[in-house]
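Novice: What follows is a single structure, and I will ask about it in a moment.
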């Protein structure tokens, strides 16, 4: 048996799991996770007027020193954009708001579809590069082009899972699994039997179990959650940067195993965006992955176990 606790966070569920031998540390482990997620939220939430990212918008357009945490989160987001050839784009904040994924949706699961804020067309005309390539980050100095609104949601949640698991191990000296929605990170000593992760997006979807060694992560990206309607059209939160619209839901969900949750999430999100080209991309990466198609067909790649009785620890690693 494992020792576990969970709570609601960011319209999803946060969960921390320890080996049964470390049960006495569970409350302290939860405190570690809450401290990390609170710090990440205050640094980069686009739904909070007092977050560093929102409150310092004018400074960021001129260029300014930022906190080490915000610099790290932006750095990871830009790395994700590079790794995915721009498919995971952190500069789509304005598009998300215009499509209805705003603070109202984040707090009540119902978006307003606020008008798109004006952007700097002159700057776009002078520099045709994607907006994420025009962000300047040097150490803790950050400059964001005028009119660009960052949305670090995809990578920041995964980064929080990575940081929280590492924090538990560093502070308490125990192994831990931290799950923030579909982002699962592990750190520290392996528990007996390894970490068993259940992979199932919705209750009606096919389920798998995968066993990973400590230090590895699992991330699931989904077109079935964070959904809403706008002007009679179904929307979901993963945008195709080419069009600024929700990616075609070729896949209900994509799950990837990688050495960090940020990397796993980057690849699972990119796979949703790439649609039918996703299997080729994932095969080339060599990562263990599981895709569930819109019709419910399960595609397993890169050593993902053929059924839920299989042991994927060695293959996933």
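Numbering (this note's numbering), first residue to last: 2 to 318.
Where a beta carbon is used, it is the ideal one built from N, C-alpha and C, also for glycine.
Would you list, in sequence order, the uninterrupted alpha helix (DSSP H) runs of no fewer than 4 residues that lie entirely inside the segment 146 to 189?
Specialist: List check, alpha helix (DSSP H) in window: 154 to 173.
Novice: Any idea what DSSP makes of residue 29, helix, strand or coil?
Specialist: In this structure, residue 29 counts as helix in the three-state DSSP scheme.
Novice: Does the segment 48 to 56 touch the segment 241 to 259, meaning 3 or more C-beta pairs lie closer than 8 Å?
Specialist: The segment 241 to 259, when compared against the segment 48 to 56, does not touch it at the 8 Å Cβ threshold.
Novice: Where does residue 286 fall in DSSP's three states?
Specialist: Three-state result, residue 286: helix.
Novice: Specify whether the segment 181 to 190 and the segment 200 to 217 touch according to this definition: at least 3 beta carbon pairs, one from each stretch, less than 8 Å apart.
Specialist: Judged by Cβ distances under 8 Å, the segment 181 to 190 makes contact with the segment 200 to 217, as three or more pairs qualify.
Novice: Do residue 255 and residue 222 have their C-beta atoms within less than 8 Å of each other?
Specialist: Cβ atoms of residue 255 and residue 222: closer than 8 Å.
Novice: According to DSSP, simplified to helix, strand and coil, what is residue 14?
Specialist: If DSSP states are grouped into helix, strand and coil, residue 14 belongs with the strands.
Novice: Considering Cα atoms alone, identify which of 97, 86 and 25 is closest to residue 130.
Specialist: Checked all of 97, 86 and 25; the closest Cα to residue 130 is 86.
Novice: Taking all protein chains shown into account, decide if residue 159 is buried (16 or more other Cβ within 10 angstroms of its Cβ) or exposed.
Specialist: Flag for residue 159 reads buried.
Novice: Going along the chain, which unbroken runs of the beta strand (DSSP E) with 3 or more residues stay wholly within the segment 206 to 271?
Specialist: Entirely contained in the segment 206 to 271, the beta strand (DSSP E) runs reaching 3 residues are, in chain order, 209 to 213, 218 to 223, 228 to 231, 234 to 237 and 252 to 259.
Novice: Express the C-alpha separation of residue 33 and residue 168 in angstroms, rounding to a whole number.
Specialist: Their Cα atoms are separated by approximately 6 Å.
Novice: Residues in its own chain within less than 7 Å of residue 307 by CB, not counting five upstream and five downstream?
Specialist: Around residue 307: 301.
Novice: On the DSSP letters alone, give me the boundaries of the beta strand (DSSP E) that residue 300 sits inside.
Specialist: Segment 299 to 302, the beta strand (DSSP E) holding residue 300.
Novice: Please report the residue range of the alpha helix (DSSP H) in which residue 93 lies.
Specialist: Looking at the DSSP string, residue 93 is not in any alpha helix (DSSP H), and its letter there is neither H nor E.
Novice: Is residue 275 buried or exposed, if buried means 16 or more other CB atoms sit within 10 Å of its CB?
Specialist: Residue 275 is buried by the Cβ-count criterion.
Novice: Decide if residue 137 is buried, meaning its Cβ has at least 16 other Cβ atoms within 10 Å, or exposed.
Specialist: Label assigned to residue 137: exposed.
Novice: Determine the DSSP secondary structure at residue 133, reduced to helix, strand or coil.
Specialist: Here residue 133 sits in helix by DSSP.
Novice: If we count the other Cβ atoms within 10 Å of its Cβ and call it buried at 16 or more, is residue 180 buried or exposed?
Specialist: It is buried - the Cβ of residue 180 has at least 16 other Cβ atoms within 10 Å.
Novice: Is it the case that the Cβ atoms of residue 6 and residue 182 are separated by a distance below 8 Å?
Specialist: Taking 8 Å as the Cβ cut-off, residue 6 and residue 182 do not qualify as a contacting pair.
Novice: What number of angstroms, rounded off, separates the C-alpha of residue 120 from the C-alpha of residue 88?
Specialist: The pLDDT assigned to residue 120 is 43, lower than 50, so where the model puts this residue is not dependable, and the model offers no usable value.
Novice: Between which residues of its own chain and residue 174 is the CB-CB distance below 8 Å, once the five residues before and five after are set aside?
Specialist: Closer than 8 Å at Cβ, skipping near neighbours: 189.
Novice: Does the Cβ of residue 204 have 16 or more other Cβ atoms within 10 Å, making it buried, or fewer, making it exposed?
Specialist: That one is exposed.
Novice: If we ignore side chains and look at the alpha-carbon of each, how far apart do residue 296 and residue 273 end up?
Specialist: Spanning the two alpha carbons is a distance of roughly 15 Å.
Novice: From residue 303 to residue 258, what does the alpha carbon distance come to, in whole angstroms?
Specialist: Distance between the alpha carbons of residue 303 and residue 258 is about 10 Å.
Novice: Could you name the residues of the same chain whose beta carbon sits closer than 7 Å to that of residue 66, not counting the 5 residues immediately before and after it, in chain order?
Specialist: Counting only Cβ-Cβ distances below 7 Å, and skipping sequence neighbours, we find 141 and 142.
Novice: Output the distance between the C-alpha atoms of residue 269 and residue 25, rounded to the nearest integer angstrom.
Specialist: The straight-line gap from Cα to Cα measures roughly 35 Å.
Novice: Compute the Euclidean distance between the alpha carbons of residue 31 and residue 19, then round it to the nearest angstrom.
Specialist: Going from the Cα of residue 31 to the Cα of residue 19 covers about 10 Å.
Novice: Which of the three DSSP states is assigned to residue 274 in this structure?
Specialist: The answer is helix: DSSP assigns residue 274 an H, G or I state.
Novice: Would residue 305 be called buried (16 or more neighbouring beta carbons within 10 Å of its own) or exposed?
Specialist: Buried, because 16 or more other Cβ atoms sit within 10 Å of the Cβ of residue 305.
Novice: For residue 133, is the classification buried or exposed, using 16 other Cβ atoms within 10 angstroms of its Cβ as the cut-off for buried?
Specialist: So residue 133 ends up on the buried side.
Novice: According to DSSP, residue 58 sits in a beta bridge with which residue or residues?
Specialist: According to DSSP, residue 58 bridges with nothing at all.
Novice: On the criterion of 16 or more Cβ atoms from any shown chain inside 10 Å, does residue 193 qualify as buried, or is it exposed?
Specialist: The residue is exposed, with fewer than 16 neighbouring Cβ atoms inside 10 Å.
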